[in-house]
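Worksheet for the structure shown next.
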């Protein structure tokens, strides 16, 4: 059964759904013995068909070891994080791959952490998202403006990697591409970067003492007025397909003279044909300071999570977990169950949870 009812499981209406190996990665910044000595270790283990990457960074002060993390000294506000990417299920495509990818990269020299999810679509969507996973953080960190202007460095790196994949003859990007949603945490500053309909959400202490959700980045949907205006001005069309049962699918982008490609987002990377109809790869940036008194966690996820779960539900589940690893497992499992109830298919789902300022979950 094909995805419908507003679902964007198939970002292209007519393109087969494909993907990459599922991966589960986590990184816990754990306090070590000498508070002034920075020691980094990485451990790679493979079990049960999932790739698991665990690491500890022993560079925290005694105060931080006791949980009194202020973050005011320029160190990254994130103290623990974990990410999980899981292949979806499509009964009409038994050879389906996981088209999602995730990036979790720590830049020691600038006390920066990059948390990024990519949601590939189209026949070569896995190749596009995997290329960004392989190249993007390296290009960002090597950019001459990375230290002084991370937004410029990130934008330039994204567009450079996109050009690489567009010129790669082994990956057909005519009808394939990826979204990108990223959180860059440097000291107490968070920068959100978004292209498409993946998302960054922050869990923070609300006025009544409960942790509530703040949608930090905003999805790029074709029917958003500014996005639709750009598409129409470029000669494209925006409309939803009505299914046999009368239920409309999500608004999609089409060429002016032909009913292709049917892209369910207004910005993406790759997607050469859609880009002739007003779809762009321009990243949108968001920035604010993280507050140790109120901000508790960050969620970065593809729309496999957000399709049937809103920000408040996701943050509410995340705060119940004592560790990010437990949080991502629970969120992906719940998202998969909701997909099966609603659509009888499951979209690829990728979730990263990051705890801030020594937060340990389960409390405000």
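Numbering (the UniProt record's numbering), first residue to last: 1 to 364. From the three backbone atoms N, C-alpha and C, an ideal C-beta is built for every residue, glycine too.
Report yes or no: do three or more beta-carbon pairs, one from the region 318-326 and one from the region 267-281, lie closer than 8 Å? With fewer than three CB-CB distances shorter than 8 Å, the region 318-326 does not count as touching the region 267-281.
Report yes if the C-beta distance between residue 235 and residue 262 is below 8 Å; otherwise report no. Residue numbering aside, residue 235 sits at position 235 when the chain shown is read from its first letter. Residue numbering aside, residue 262 sits at position 262 when the chain shown is read from its first letter. No.
Measure the Cβ-Cβ separation of residue 173 and residue 195 and say whether it is below 8 Å. Looking up residue 173 in the chain shown gives position 173. Looking up residue 195 in the chain shown gives position 195. Taking C-beta atoms as the reference points, residue 173 and residue 195 fail to come closer than 8 Å.
With a Cβ-Cβ cutoff of 8 Å, do residue 212 and residue 315 count as a contact? As a position in the chain shown, residue 212 is number 212, starting the count at 1. As a position in the chain shown, residue 315 is number 315, starting the count at 1. Going by C-beta atoms, residue 212 is nearer than 8 Å to residue 315.
With a threshold of 16 other CB atoms inside 10 Å of the CB of residue 227, please say whether the residue is buried or exposed. Looking up residue 227 in the chain shown gives position 227. Here residue 227 is buried. Its C-beta has 16 or more other C-beta atoms within 10 Å.
Kindly indicate which three-state DSSP category residue 182 falls into: helix, strand or coil? Walking along the chain shown from the start, residue 182 turns up at place 182. In this structure, residue 182 counts as strand in the three-state DSSP scheme.
By a C-beta neighbour count over all protein chains shown, 10 Å radius and 16 as the cutoff for buried, is residue 148 buried or exposed? For this step, residue 148 is matched to residue 148 along the chain shown. Residue 148 is exposed by the Cβ-count criterion.
Below 8 Å, can you find three or more Cβ-Cβ pairs linking the region 287-299 to the region 152-162? Result no; under three Cβ-Cβ pairs closer than 8 Å.
Opening and closing residue of the alpha helix (DSSP H) in which residue 129 lies: Here residue 129 corresponds to residue number 129 of the chain shown, with the count starting at 1. It spans 125-142 - the alpha helix (DSSP H) in which residue 129 sits, taken as one unbroken run.
Residue 141 vs residue 107 beta-carbon contact at 8 Å: Numbered from its first residue, the chain shown carries residue 141 at position 141. Numbered from its first residue, the chain shown carries residue 107 at position 107. At the C-beta level, residue 141 and residue 107 come within 8 Å of one another.
Would you mind reading off the limits of the beta strand (DSSP E) that contains residue 150? Taking the first residue of the chain shown as 1, we reach residue 150 at position 150. That residue, residue 150, is in no beta strand (DSSP E); its alpha helix (DSSP H) goes 150-166.
Figure out for me which residue from 88, 241, 83 has the closest Cα to the Cα of residue 346. For the purposes of this step, residue 346 is taken as the residue at position 346 of the chain shown. A check of alpha carbon separations from residue 346 across 88, 241, 83 identifies 88 as the nearest.
Could you give the distance in angstroms between the alpha-carbon of residue 82 and the alpha-carbon of residue 202? Residue numbering aside, residue 82 sits at position 82 when the chain shown is read from its first letter. Residue numbering aside, residue 202 sits at position 202 when the chain shown is read from its first letter. Their backbone Cα atoms lie some 15 Å apart in a straight line.
Tell me, please, whether the CB atom of residue 108 is closer than 8 Å to any CB atom in chain C? Included in the structure is just one protein chain, with no chain C present.
Can you tell me whether residue 244 is buried or exposed? The criterion is at least 16 other CB atoms within 10 Å of its CB, across all chains shown. Working through the chain shown from its first residue, we reach residue 244 at position 244. Classification of residue 244: exposed, given that the 10 Å Cβ count is below 16.
Compute the beta-carbon to beta-carbon distance between residue 217 and residue 199, rounded to the nearest angstrom, for a pair I have assumed lies under 8 Å. Here residue 217 refers to the residue found at position 217 of the chain shown. Here residue 199 refers to the residue found at position 199 of the chain shown. That pair is a contact at about 6 Å.
So for residue 279, helix, strand or coil by DSSP? Within the chain shown, numbered from 1, the residue matching residue 279 stands at position 279. In the structure shown, residue 279 sits in coil (DSSP, three-state: anything other than H, G, I, E or B).
Strand pairing of residue 116, partner residues [DSSP]: Within the chain shown, residue 116 is the residue found at index 116, counting from 1. Among the bridge pairs identified by DSSP, residue 116 is matched with 103, 182.
Could you give the first and the last residue of the continuous alpha helix (DSSP H) run that contains residue 306? For the purposes of this step, residue 306 is taken as the residue at position 306 of the chain shown. That run of the alpha helix (DSSP H) goes 303-306.
State the beta-bridge partners of residue 233 as determined by DSSP. Indexing the chain shown from 1 puts residue 233 at position 233. Checking the DSSP bridge columns, you'll see residue 233 has no partner listed.
With a CB to CB cut of under 7 Å and the five nearest residues on each side skipped, what residues in its chain are close to residue 205? Taking the first residue of the chain shown as 1, we reach residue 205 at position 205. Cβ neighbours of residue 205 beyond the five flanking positions: 211, 294, 296, 364.
Do you know how far the Cα of residue 231 is from the Cα of residue 370? Limits of the chain in this structure are 1 at one end and 364 at the other, which puts residue 370 out of reach.
Based on the DSSP output, what are the partners of residue 202 in its beta bridges? Locating residue 202 in the chain shown gives position 202, where the first residue counts as 1. According to DSSP, residue 202 bridges with 214, 298.
Quick one: grab the DSSP three-state call for residue 374. For residue 374 there is no data in the structure shown, the boundaries of the chain being 1 and 364.
For a test of the three-state rule: what should DSSP assign to residue 323, helix, strand or coil? Here residue 323 refers to the residue found at position 323 of the chain shown. Under the three-state reduction of DSSP, residue 323 is assigned to coil, being neither helix nor strand.
For residue 90, three-class secondary structure by DSSP: Position 90 of the chain shown, counting from 1, holds the residue named residue 90. Here residue 90 sits in coil by DSSP.
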